[in-house]
Amino acid sequence: MRKVLHNFSIEYLQVLDENGVCDESLKPPLSDDDVKKMYEAMVFARVFDETLLKLQREGRMYTFASLRGQEASQIGPAYALSADDWLVPSYRESGANLLKGTPPEVLYVYFAGDERGNSIPSPVKHLPVAVPVGTQTLHAVGIAWAAKMRGEKSAVLSFCGDGATSKGDFHEALNFAGVYKTPNVFMVINNGWAISLPRSKQTAAETLAQKAIAYGLRGIQVDGNDVFATYSAVKEALEFAYRGVPSVIECVTYRMSDHTTSDDAKKYRDPEEVELWRKRDPIDRLKKYMYAKGIMNKEYEEKVQQNSEKRISEAVKKAEAIQEQEPIDLFKYVYADMPLRLKEQYEELMS
Amino acid sequence: MRKVLHNFSIEYLQVLDENGVCDESLKPPLSDDDVKKMYEAMVFARVFDETLLKLQREGRMYTFASLRGQEASQIGPAYALSADDWLVPSYRESGANLLKGTPPEVLYVYFAGDERGNSIPSPVKHLPVAVPVGTQTLHAVGIAWAAKMRGEKSAVLSFCGDGATSKGDFHEALNFAGVYKTPNVFMVINNGWAISLPRSKQTAAETLAQKAIAYGLRGIQVDGNDVFATYSAVKEALEFAYRGVPSVIECVTYRMSDHTTSDDAKKYRDPEEVELWRKRDPIDRLKKYMYAKGIMNKEYEEKVQQNSEKRISEAVKKAEAIQEQEPIDLFKYVYADMPLRLKEQYEELMS
Amino acid sequence: MAVAKVTTAVTMVQALNLALRQEMEKDPSVMILGEDVGKNGGVFRVTDGLYDIFGEERVISTPLAETAVAGAAIGLAINGMKPVAEIQFEGFMPPAFDQMFSHAAKMRNRSRGRFTVPMVLRAPYGGGVRALEHHSESPEAYFIHTPGLKVVIPSSPQEAKGLLISAIRDPDPVVFLEPKRLYRAFKEEVPEDEYTIPLGKANVVKEGKEITVLAWGAMLKVSLEAANRLKDTISVEVIDLRTLAPVDEEAIVKSVKKTGRAVIVHEAPKNCGFGAELSSIIMEKAFLSLKAPVKRVAGWDTPIPLPKYEDYYYPNVDRIMKELQRTVAF
Amino acid sequence: MAVAKVTTAVTMVQALNLALRQEMEKDPSVMILGEDVGKNGGVFRVTDGLYDIFGEERVISTPLAETAVAGAAIGLAINGMKPVAEIQFEGFMPPAFDQMFSHAAKMRNRSRGRFTVPMVLRAPYGGGVRALEHHSESPEAYFIHTPGLKVVIPSSPQEAKGLLISAIRDPDPVVFLEPKRLYRAFKEEVPEDEYTIPLGKANVVKEGKEITVLAWGAMLKVSLEAANRLKDTISVEVIDLRTLAPVDEEAIVKSVKKTGRAVIVHEAPKNCGFGAELSSIIMEKAFLSLKAPVKRVAGWDTPIPLPKYEDYYYPNVDRIMKELQRTVAF
Ligand SMILES: Cc1ncc(C[n+]2csc(CCOP(=O)(O)OP(=O)(O)O)c2C)c(N)n1
Ligand SMILES: Cc1ncc(C[n+]2csc(CCOP(=O)(O)OP(=O)(O)O)c2C)c(N)n1
Ligand SMILES: [Mg+2]
Ligand SMILES: [Mg+2]
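Protein chains in written order, with my numbering: chain Z, 149 to 499; chain H, 149 to 499; chain W, 88 to 417; chain R, 88 to 417.
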C-alpha cells in the first residue's frame, strides 16, 4: 500500500496590486481614516529611516539597519495590533516599534549606542531590539503562553527575517507554539537577503510560509509591499491566535538598503534587482490607490512629509539633549541588588 | 488575489501488512536469501537486546536503551546500505550497528561503561553512539557533504527519534542538507514516545514526515514494523541521495520496553497501548510471511535463535574478558599529543 | 534561616519537591516546565506528584528542546510568570546556554530595568551515579562567568529546600544545580514549613584554625569526610559556598585570613573552573595571610570517563586529605 | 618560527586571508564555511577573494545557523576534510557551543582515536569597535574550560598568520579568536611564504625584571603601552600567551619566578575569566617567588555596555599602569 496520507497547501494573498489597484473583495474593513493613518505611519517610518541613515553617515550614531522598502511589512501588521497585544521585533522593525508607541527619540537613543534606547516606556508592550537572530521568537512564545495562562485576550506579533528561519530557535519556537496553542503570529519578513545570502540559498523550500506545515501551524504568504495584505493577514491571524491557533505569515518584500550601515551590498547583489523592486515601492503603491480613491492630494502628501520631518527633527533634538549616563549605570541594572563585587568595581572605575 | 501557491503531499508506504501478507507490487527486489539474512539480523538484534537487558538487571552493565519492537526500523534500513555508506546512529540503534559490522562484543563493552565500546573498528563506517538527542543529524550532514565534495558514491543514513525532531539541530541539519543537496537519508524513528512524552504532544504536526516540506526535502511515512517497507523506502532514498536529493523517512513503530533501564514506563503509559503493539511485532510479521512463502520452517527458526544466542554469549564472554583500561587511557585521547598539564595530572593520579 | 518546628527526615529530592509544591501553592505565577517533568515527575522524580496537584497547565512536560525551554521561560518571566525550568541533565544545558547568556542574563540591563527575568533554571548536576556520557558534567563555571546570572548549588536536603525557595523568589535568573549523587544519598531533618536561605551567603559548616576548605554540592560531604579523618592532626575549617555567583567573598576572606591556608574542591575540570576564581580572590584579598599556596583538588582536564572509570576522575577523600596535608606541611 | 625572506606590510585581516589562501592552495581538504564568507568575503573581509579563487564548493556562505556551522564542520572533519568554520561574531558562538562542547571536544576521546575533528572555529572577538550588543564579547574562558579544545588568540598580523596556519594543520579542534579591534589597527611586515608558530608556546614580547604582564589579543598592545610608559620607573616583562589552551605554563612560571610579580590583563569579565586560571597557576607553581599578590585587570562583571559607554568597560593603559604601580609598590 502506497497512498497519500496528507495534503497541504500554501496560499498567497495580495490585495493592492503593483499599480495600486485594489481587489475590493479582499479589502479589509478599513475606513479612509485608517488608510490615512497607515499611510502616515509608513511615511513616518521612511523619514525616520532616512534621517537615521543621514545621521549615521555624519557620525552621530552607530550601526543602523534600514527598513526601507519594508514599510508595508511593518505598518500593516503593527496597525492590526491592539494595545494589549505584544510586539516582539528584531533589529529592523523601527517602523512597527514607532507605531506601537515607542517615541522616536527613544529609538534614536538606542541607535546612538545607549541602553536607555532599549528601555521601552511602560506600558508599551514591545520588547527591546533583539540582535541574536531568531532568538526572540522563543520570547514571543513565552510571552504569549503567559498571556494565555492568565486568560488575557492578548496575542504576540513577532518579527524575524528569512535568515532567521534557518535557526534552531525559530524551529523550536514554532513547535512550542503548535503544541501549546499559544496566541502567536510569527511574521517572517522575507526581504530577499540575509546580509549577502539570497533567499534561494537560505533554504531549499519553495516558500518560507510552508515551514508552518512542519509544526501544524497556519501558514500563508503575502505580498509584503501591500499594506492591505499585510494588515489583513495579521488581523485574521490575530483572531486565530486569540483562539489558540498560531500562524506563520511570510511577507515577500525587499531590503532596499545595505544590510546595515556597516554593509556594502554592491559586493554581492545585482543593482538591477534593486531597481526592479524600486518599482514595487510600498508607499508609492498605497499613494496610487489613495489618489485614485480621492483620499489623497498633493497638499496632504506634502503635509504628511513635513509633519514627519518635523516630528523627527524634534525627536533627534530631544535625544541628543539627553544627559550622559553615569558610570554607576553600568553596574546598576545587572541584578536587582548590586552585589559587593560590582560595588567594588564601580569604586575602582571611579578611582 | 488569494490563491493556492503550492501543494504538498505526504505518502505512506506499507508492503507487508500486519498479518504478513505482502503487497507484491511493492515488494522490493529481495531474494529469499536476502529475506533470510534480514530475518536473522532482526532475531540477532532482539537476542542481543534481551541479553543486555538481562545482564543490566544483573548489574553487569550500566544504562541500556532497548530496541525491542523497532527491529524492522533498524534492519531494513541498515540492510539497504553498502559498505561505503555511513551509519550515524543515536543510542538505540544496536540492531543497525551490529548489521553494519560492529561486533557485538564492542557494543557490549560500551554499555558496560567503557569508552572502547565507542571505538568502532576500522573500516566500519559508523559513528559512535550519540547521546545528546538530535545533535548527530548535523554530523550526518557534514559527513555526507564531505563525501559529495570528494565525488564518492557514499550516502549517510542517520537515525533519530520523534523527540529529536523538536530540537534545533534537527532543523538546521535538514535545512543544510536541502541547501547543499547532500547525500543524506534522515530516518525519524517515531516509536510513539520520547521518554514520557507521547508523540501527540511532541508536535502539532499530523506526521513527522511532513517536516521534510519545510526544507524542500522528500518526505515519506512508512510502517516501521514492516521490514520490506523500511528497506524499500531507504533503498529508494539512497538512490535519490547519491543524486543529491536528501530524504526524511518517518518509521511508525513502537518502543516496547521502558525508555532505558533507568526508566519505568508504567508511570506514564497505558499497558493496553503496549499490548496493541505487541500484536504488530515486526519479527512475527516477517515470520508469517516467510512461513507462507515456504522459506521458513521450525528447524530454521530454532537454528537462527540458537545461533544468535551462541554468538552473543561468546561476545559477552569476550567482552567481559577485556583487560581493564589503564589510568593513562583517561588522558591519552584528549588531544593527539598530551599537554604538560595532563601529564602532571596523570602523575598526580598515580601518586 | 528561621527554622520551623516540625521537621521530617527527607532526601534532597523530597526536599526540592516540597519547596516546589509550597511555592506553587503560595504563588500562582510559579510554574514548572521541562522534559518529562509532568506525569513522569522528572527522571529523578523531583517534580513527582506536582502534575497531579497543579495540573498540566502549571507542570508542563515539554517537547525535547532545551533552547526552547530556556527561551520560552524567559518570555514567560518577562510577562509575569515565575517559571522553574528543568533541564533534564546538566550535559544538555549547552543548548540552553545561548538564551541564558544572550537574554536571561542581560534583559534587565538591556532594558534598564523595564523587563526582568525572574526564572530558575534547574538541572541535576555532577557525577558519581555511573551515568552515560554527558550525564556527569559540572558546568557551573560557564554560568558564573556570565554576568547577570546567579548560580546556586545545594549540599543537603535542608539546604536544597531553603535555597530553592530563595531562588524562585529571586527577581533575577538563577541557575540551580542539584548534585545528583546527593539526591537520595541521605536523609536529613527538614522543616515542613517554608523557609529561605539567603542567596549570596556562605555557610561555615565546620570551624577550624589551620586551613580552609571551600566546597559546594556533593564535594562538601567528601571534603568534610577528609577534614574529619584528619581531625587529630589538622584543624580544618570547611565552608559550603552555597551560592557561587555572587559568591560570598567576605566569608572566604575572613576564613582564610584566620587559617592562612586554603584548598578548593570541585568536580569540574580544573582548568578555568570556579576554583581558579576562588584562588584568585584569596590571592587578591588575603595574600599577606597566606602561609602556603592555595590549592585546587578538581576534576582532571579531560572529558569525564564513562562509568567504569569515573572513580579515577572525581576528587575523593584521599586526594583531598593529601592536599590538605601537603598544604599544611608547605 | 622560520621567517622567510620576502615580507609585506599587511593588516591582520590581510594576514589571515593570506594564511587561508595558502593553506587552501596547499591542501585540497581545507575549506571555509560560515555566514557571508563567500562572495561577500566575510563581514570583516577576512575571506575576501577566496570565493573567486576556490569557488563556491570550498568557500561556502551558509544559511544563518551557527549550530549547523559547527555541527556540519564536525562531520566534515570526521570524514576527511579540514573545515575552517567562521562564526560571524563571537557573540553568536553560544549556539555553536553545544556542538563544540559535546562533540568536537570529545570525539577523539569518545572513540579512542578512531574519529578525530581537525577543524578550526574562527570568530572575530572582543570589543573596542563601537559595535552593537553581542558584538563585543570575549568568550575565551568558556572554551578554555572545555577539555579537548585548543584556544588561540593572535595579537598582530604576523602572529595571526603563523598561528592560523598551525591551527589549520592541528589534528584537534581549535577555537581561533581574532581581536577585531586589531583587524585593521596597524600593519606589520609579514613573510609572504607560509610559516607556522607552534601552538602552546607563549612569546616574551618585552623582557623585564620587576613584574610580569600576561596578556593576549588586543590587550597585548595596551599592556605594552602601559609598560612603555612606565619604562623609567618599572621594568616590566610582557608575555603574549598566544595559545590559551593548552597554555604555556612553563613560560609563565619562569617569568614570574624571575620578576616575583604579575598582572593579568583581559577584556572578558573578571569573574571566572582566564585571568583567574593564570593567577591560580602562579599561586600553585611560583608562590614562594611572589612579592605581591597577582592582580587582574579585566572587564567588569557586567554585560558589555553599548558603544557610547564601552570605554568605561575595557582595561585601558591607565588602569593597567595603576595596577602595575600598585603591585610593585605593594
Ligand atoms: C545568531 C546570529 N547570527 C549572526 C548574526 C549576524 N547577522 C545579523 S543580521 C544577519 C542576517 C539576518 O538576515 P534575516 O534574518 O533575513 O534578516 P534581515 O537582516 O534581512 O532583516 C546576520 C547574519 C546575528 N545577529 N545573530
Ligand atoms: C539534548 C538532549 N536532551 C535530553 C536528553 C535526555 N533524553 C535522552 S533520550 C530522550 C528522549 C528521546 O526521545 P526520542 O528522540 O523519541 O528517541 P527514543 O528514545 O524514543 O528512541 C531524552 C529526553 C538527551 N539525551 N539529549
Ligand atoms: Mg532578510
Ligand atoms: Mg521516541
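Heads up, the beta-carbon is just placed ideally off N, CA and C, and yes, glycines get one too.
Is residue i near ligand 4, with its Cβ less than 8 Å from a heavy atom?
i, result
"H:W341", "yes"
"H:R417", "no"
"H:G217", "no"
"H:G309", "yes"
Check the C-beta distance from residue i over to residue j and give it rounded, since I have them as a contact under 8 Å.
i, j, result
"Z:G311", "Z:Q358", "No, Z:G311 and Z:Q358 are not in contact; Cβ-Cβ is about 17 Å, not under 8 Å."
"R:M118", "R:L269", "That belief does not hold up - the Cβ atoms of R:M118 and R:L269 are roughly 26 Å apart, past 8 Å."
"H:E159", "Z:G364", "Contact doesn't hold; Cβ gap of about 18 Å is too wide."
"R:P333", "H:P475", "The Cβ separation is near 20 Å, so there is no contact."
Can you tell me which of the three DSSP states residue i falls into?
i, result
"H:E492", "helix"
"Z:Q369", "strand"
"W:R413", "helix"
"W:K237", "strand"
"W:E354", "strand"
"Z:F196", "helix"
"H:G168", "coil"
"W:V100", "helix"
"W:A218", "coil"
"Z:T285", "helix"
"H:V393", "coil"
"H:E300", "coil"
"R:T94", "strand"
"W:N166", "coil"
Who does residue i pair with in a DSSP beta bridge?
i, result
"H:H274", "H:L235"
"W:G121", "W:S148, W:E173"
"R:T299", "R:E324, R:A349"
"Z:F156", "H:F156"
"W:Y212", "W:P266"
"R:W387", "According to DSSP, which records beta bridges pairwise, R:W387 is partnered with nothing at all."
"H:G309", "H:I337"
"Z:C399", "Z:I337, Z:V370"
Between residue i and ligand 1, is there a pair consisting of the residue's CB and a ligand heavy atom that are separated by less than 8 Å?
i, result
"R:I421", "One cannot answer for residue 421 of chain R here, as it falls past the ends of chain R, which runs 88 to 417."
"R:F131", "no"
"Z:S405", "no"
"Z:S348", "no"
"R:H221", "yes"
"R:P176", "Rather than Pro, the amino acid found at residue 176 of chain R in this sequence is Phe. Yes."
Does the distance between the C-beta of residue i and the nearest non-hydrogen atom of ligand 3 fall short of 8 Å?
i, result
"Z:N338", "yes"
Got a sec: does ligand 2 put a non-hydrogen atom nearer than 8 Å to the Cβ of residue i?
i, result
"H:L255", "no"
"H:V400", "no"
"H:A312", "yes"
"H:G282", "yes"
"H:S238", "yes"
Next on the checklist: Would you call the stretch 370-378 of chain R in contact with the stretch 170-180 of chain W, where contact means no fewer than 3 C-beta pairs closer than 8 Å?
Outcome noted: no
Checklist entry - Okay, do the stretch 324-331 of chain W and the stretch 294-305 of chain W touch, 3+ Cβ pairs below 8 Å being the bar? => result yes
Checklist entry - Any contact of the stretch 269-280 of chain H with the stretch 229-241 of chain H, i.e. 3+ C-beta pairs under 8 Å? => result yes
Checklist entry - Should the stretch 186-200 of chain H be regarded as contacting the stretch 428-444 of chain H, the criterion being three or more beta carbon pairs within less than 8 Å? => result yes
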